[in-house]
Amino acid sequence: MDRFLSTATNKIDSKGRVSVPAHFRAVVAKRGYQELYALKALDRPALDVGGLDLLDRYEERIAMEDPFLQSADDMSYFVHGDSDFLKLDQDGRITVSEFIRAHTGITTEVAFVGRGTFFQMWEPARLAEYGAQVRARLLKMRQAASNEISNGGTE
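Reminder that position 92 of the sequence shown reads as 92 in UniProt numbering, one-by-one numbering, no gaps.
Below, the structure written as structure tokens:
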């Protein structure tokens with residue numbers, strides 16, 4: 001498997017470290033990541049975490065912008081200034097720094113969420129709330145599509 005899938009919650013130890021789930025570490029190893037790139041999610045209290053390919057993807061998008069426009073400057077700030085590199089120790093742990101805590105609200109536990117090519121780090125209660133919102137939005141979409149089919153596409 002080479003995708004980040006599923007959700008796991010791990011406790012932060014007395015030294016301020018948290019173990020990355022084993023199946024996430026396996027993906028990290030398979031992809032050959034030496035360090036992890038972490039970016040504060042733009043619209044939620046989570047970190048997006050991946051390898052340098054995640055950073056490359058964002059930098060490719062910035063390169064498409066006119067460097068004299070505010071949008072290029074804003075994107076660069078977001079991608080470079082609102083990010084950090086996370087180090088995995090030999091036991092697969094990350095130190096939960098102030099960079100992580102300030103944006104996410106993480107205190108004693110970290111919820112890891114697979115997002116395919118990257119994963120996210122959340123405070124568990126905030127993740128539960130977000131997950132409920134996601135399911136509600138998807139249910140609403142499903143119901144709207146079902147109603148449209150039932151009405152012969154005339155709604």
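Even for Gly, the Cβ is constructed at its ideal location relative to N, Cα and C. Note that the structure is predicted; figures quoted are calculated from it, not measured.
Buried or exposed (CB count within 10 angstroms, at least 16 for buried), residue i
i, result
"P67", "exposed"
"F85", "exposed"
"I149", "exposed"
"S146", "exposed"
"A111", "buried"
"S14", "exposed"
Among the options, nearest to residue i - alpha-carbon criterion
i, options, result
"Y130", "E109, P45, F99 and T108", "P45"
"M1", "R31, R17, K15 and V20", "R31"
"F78", "A136, D53, D48 and E98", "D48"
"R101", "P124, G114, G92 and Q90", "P124"
"L39", "V27, K15, K140 and M121", "M121"
"R93", "L5, S6, I149 and F24", "F24"
"E98", "S83, L55 and L88", "S83"
"N10", "V113, Q90, E59 and D53", "V113"
"R126", "K140, F118, M141 and H103", "H103"
"R57", "G152, F118 and K140", "F118"
For residue j and residue i, the rounded distance between their alpha carbons
i, j, result
"residue 156", "G116", "An answer regarding residue 156 cannot be provided, because it is not within the stretch 1 to 155 covered by the chain."
"R61", "A128", "31 Å"
"A63", "L138", "34 Å"
"V134", "P21", "23 Å"
"E65", "L42", "19 Å"
"S6", "V27", "12 Å"
"G81", "Q34", "21 Å"
"Q143", "A132", "16 Å"
"N151", "A136", "22 Å"
Nearest-angstrom beta carbon gap, residue j and residue i [assumed within contact, 8 Å]
i, j, result
"R3", "T95", "Actually they are not in contact, since the Cβ atoms of R3 and T95 sit about 25 Å apart, beyond 8 Å."
"L54", "L88", "At roughly 15 Å, the Cβ-Cβ gap does not stay under 8 Å, so L54 and L88 are not in contact."
>> Does the segment 89-107 come into contact with the segment 58-77, if we say contact requires no fewer than three beta-carbon pairs (one atom in each stretch) closer than 8 Å?
In response: The answer is no - the segment 58-77 does not touch the segment 89-107, with fewer than three Cβ pairs under 8 Å.
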